[in-house]
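Colleague: Structure in structure tokens, see below.
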Amino acid sequence: MRKSPPNRDVQRERRDWIRESERWTHERHLEKGYRIKWGYVAIAYLVEFMVIGASLWGAWLFAGVYSDGDDKAFYFMLLAPLVYAAVELCRVPLGILARTQRSYFIRALAIVGIVFAAGVTTKSVSQLGEMMFHPRLMDAAKAKTALKDAQADRSTIDNRIAAADARVAQYTTELDQIEKRAAENASQLAALPAQRCERVSGTNSKGQRYSNLKCVTDPRTATLNASVGKAGADRAVVTKSLEEARRARAELDRGAAERKVADAEQAYRNSVNRSQLHSFTAMVYGVDPIDVTDAQVHAFLRIFVFVPALCAAFASTILALCAVSVRKTFMDEDDLGAAVNLEATPYMLDSITDSLRQEMGLAPPKPVREVTPTGEVIPLDRRTAPNTNIPPVASAGAGA
39 MRKSPPNRDV QRERRDWIRE SERWTHERHL EKGYRIKWGY VAIAYLVEFM VIGASLWGAW
99 LFAGVYSDGD DKAFYFMLLA PLVYAAVELC RVPLGILART QRSYFIRALA IVGIVFAAGV
159 TTKSVSQLGE MMFHPRLMDA AKAKTALKDA QADRSTIDNR IAAADARVAQ YTTELDQIEK
219 RAAENASQLA ALPAQRCERV SGTNSKGQRY SNLKCVTDPR TATLNASVGK AGADRAVVTK
279 SLEEARRARA ELDRGAAERK VADAEQAYRN SVNRSQLHSF TAMVYGVDPI DVTDAQVHAF
339 LRIFVFVPAL CAAFASTILA LCAVSVRKTF MDEDDLGAAV NLEATPYMLD SITDSLRQEM
399 GLAPPKPVRE VTPTGEVIPL DRRTAPNTNI PPVASAGAGA
């Protein structure tokens, strides 16, 4: 189907309406003395909302990790981040106020508020930066602790081996002494005479006859039996201690200690290689990542955390400041900075009056002046000055 041609009247009205809207907007900007580019302000608010959202989400995760399952502690840890988010939301409006307010005192207050809000944002973003590096730093710290323990174990392995050998030798000596004492007691007990038994016969008080077997034991037998029993108990205790000492000595191996140190060093190197903070620090200081000290890492951590936090704190504010273009209005001074000479005021007023008369039809239009061949400028008003040449008055003496 063939399209109908566009209505030119409608297009003309649309163009007039757009032109009128632009003129009205321009006059409004001239009246206010500034112009705000709302697209830049929208971008600044978008950046601000992203920073606030990331800060709140990080605070939520932080509270979930460190509240230890306590609901009250969890929500208590979220109160301060909510207040910080409200303060951070004031930075973009404060930046606009710092550009649009005419009072220098209000501008100074707005700048102070921007600094305070930026400090809060720096705190929130720096916490996010630390949380970003925290897992790798903890892995590296645990691996370093394990390496130090392995190195300490290796450095004391000789002393512990010597102590274990001395303990085994001590228990072995005690066991030999107990065995020797038990053997002596057994030989002495075997050398004692056997019991002497004899039959005893007689009549009791009732007149009855009795006949019993009476045995007599050597009095040293009981003492020797007690010594043999004690030697057996001591032998059991010392034997158990000797087995434990030998087992502990078997666990002490120089080769195992060396392998443990090597494994700990490899685990620490792997943890350090996975930590980008250790890698950057080693690159800056020109050392091996495993040789980077904790002081160097934390010094570089301050740079990696606080500098981006400061940049994030002022980025949206700077964008909001640049979104406002300020101009001087008629209340301040002339827009062009031109000064009008007082002597030219009558000519300007006459020109304006003639223009008004021509528009109202009260005066015939002036003919168009031709350009002189020499290109000279024709003045707007050629009125001649009043004749000031007054003829001299005849004196009385001359008339006479």
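This note's numbering numbers the first residue of the sequence shown as 39 and each following residue consecutively.
Ideal Cβ placement from N, Cα and C applies to all residues, glycine included.
As the structure is a computational prediction, the values presented were derived from the model and not from experiment.
1. Less than 7 Å separating the beta-carbons of residue 361 and residue 75?
2. So for residue 107, helix, strand or coil by DSSP?
3. Near residue 164, which residues of its chain fall below 6 Å by C-beta distance, leaving aside the five closest residues on each side in sequence?
4. Ignore the nearest five residues each way along the sequence and tell me which others in residue 295's own chain have a CB closer than 7 Å to its CB.
5. Whole angstroms is fine: what's the gap from residue 115's alpha carbon to residue 353's?
6. So, is residue 23 buried or exposed, given that buried needs 16 or more other C-beta atoms within 10 angstroms?
7. When the distance is taken between beta carbons, is residue 328 closer than 7 Å to residue 273?
8. To the nearest angstrom, how far is it from the Cα of residue 220 to the Cα of residue 276?
9. For residue 152, count the other beta carbons within 10 Å of its own beta carbon; 16 or more makes it buried, fewer makes it exposed. Which is it?
10. At which residues does the alpha helix (DSSP H) containing residue 356 begin and terminate?
11. Run the CB neighbour count on residue 142, radius 10 Å, all protein chains shown included, and call it buried at 16 or more, exposed below.
12. By Cβ distance below 8 Å, which residues in the same chain neighbour residue 148 in space, the five residues on each side in sequence not counted?
13. Rounded to a whole number of angstroms, what is the C-alpha to C-alpha distance between residue 206 and residue 189?
14. Whole angstroms is fine: what's the gap from residue 59's alpha carbon to residue 73's?
15. Go ahead and pull the three-state DSSP assignment for residue 240.
16. Given this structure, state the Cα-to-Cα distance separating residue 1 from residue 266, to the nearest angstrom.
17. With DSSP run on the structure shown, which of helix, strand or coil describes residue 247?
18. Is the stretch 170–189 in contact with the stretch 240–251, if contact means three or more CB pairs nearer than 8 Å?
19. Alpha carbons only, please: which of 307, 81 and 95 is nearest the one belonging to residue 170?
20. What is the rounded straight-line gap between the Cα of residue 291 and the Cα of residue 202?
21. Tell me residue 363's beta-bridge partners as DSSP assigns them.
22. Scan the stretch 157–232 and note each continuous alpha helix (DSSP H) run of 4 residues or more that stays entirely inside, going in chain order.
Modeller: So, to answer that:
1. By one-based count along the sequence shown, residue 361 stands at place 323. By one-based count along the sequence shown, residue 75 stands at place 37. It is a contact, given that the beta carbons lie within the stated cut-off.
2. As a first step, residue 107 is located in the sequence shown; it is residue number 69 there, counting from the start. Residue 107 falls in the coil class under three-state DSSP.
3. Translated into positions along the sequence shown, residue 164 becomes position 126. Counting only Cβ-Cβ distances below 6 Å, and skipping sequence neighbours, we find 343, 344 and 347.
4. Residue numbering aside, residue 295 sits at position 257 when the sequence shown is read from its first letter. Scanning its chain for C-beta atoms nearer than 7 Å, with the 5 sequence neighbours on each side dropped, one finds around residue 295 the residues 191, 192 and 195, in chain order.
5. Here residue 115 refers to the residue found at position 77 of the sequence shown. Here residue 353 refers to the residue found at position 315 of the sequence shown. Residue 115 and residue 353: Cα-Cα distance of roughly 27 Å.
6. For residue 23 there is no data in the structure shown, the boundaries of the chain being 39 and 438.
7. Taking the first residue of the sequence shown as 1, we reach residue 273 at position 235. Taking the first residue of the sequence shown as 1, we reach residue 328 at position 290. Not closer than 7 Å, so no.
8. Residue numbering aside, residue 220 sits at position 182 when the sequence shown is read from its first letter. Residue numbering aside, residue 276 sits at position 238 when the sequence shown is read from its first letter. Cα to Cα, residue 220 sits roughly 14 Å from residue 276.
9. The residue labelled residue 152 in the question sits at position 114 within the sequence shown. With 16 or more other Cβ atoms within 10 Å, it is buried.
10. Residue 356 sits at position 318 when you count from the first residue of the sequence shown. Note, residue 356: alpha helix (DSSP H), 332–360.
11. For this step, residue 142 is matched to residue 104 along the sequence shown. With fewer than 16 Cβ atoms within 10 Å of its Cβ, residue 142 is classed as exposed.
12. Indexing the sequence shown from 1 puts residue 148 at position 110. Answer for residue 148: 132, 133, 135, 136 and 139, listed in chain order.
13. Within the sequence shown, the letter at position 168 stands for residue 206. Within the sequence shown, the letter at position 151 stands for residue 189. Approximately 26 Å, taken between the alpha carbons.
14. Residue 59 sits at position 21 when you count from the first residue of the sequence shown. Residue 73 sits at position 35 when you count from the first residue of the sequence shown. Spanning the two alpha carbons is a distance of roughly 15 Å.
15. The residue given as residue 240 occupies position 202 in the sequence shown. Correct three-state label for residue 240: strand.
16. Beyond the ends of the chain as shown, which are 39 and 438, falls residue 1; an answer cannot be given.
17. What you label residue 247 is simply residue 209 of the sequence shown in a count that begins at 1. Here residue 247 sits in strand by DSSP.
18. no
19. Taking the first residue of the sequence shown as 1, we reach residue 170 at position 132. Minimum Cα distance to residue 170 is reached at 95.
20. For the purposes of this step, residue 291 is identified with residue 253 of the sequence shown, where counting begins at 1. For the purposes of this step, residue 202 is identified with residue 164 of the sequence shown, where counting begins at 1. When rounded, the distance between both Cα atoms is 12 Å.
21. Against the sequence shown, residue 363 aligns to sequence position 325. Answer is 73.
22. 195–229
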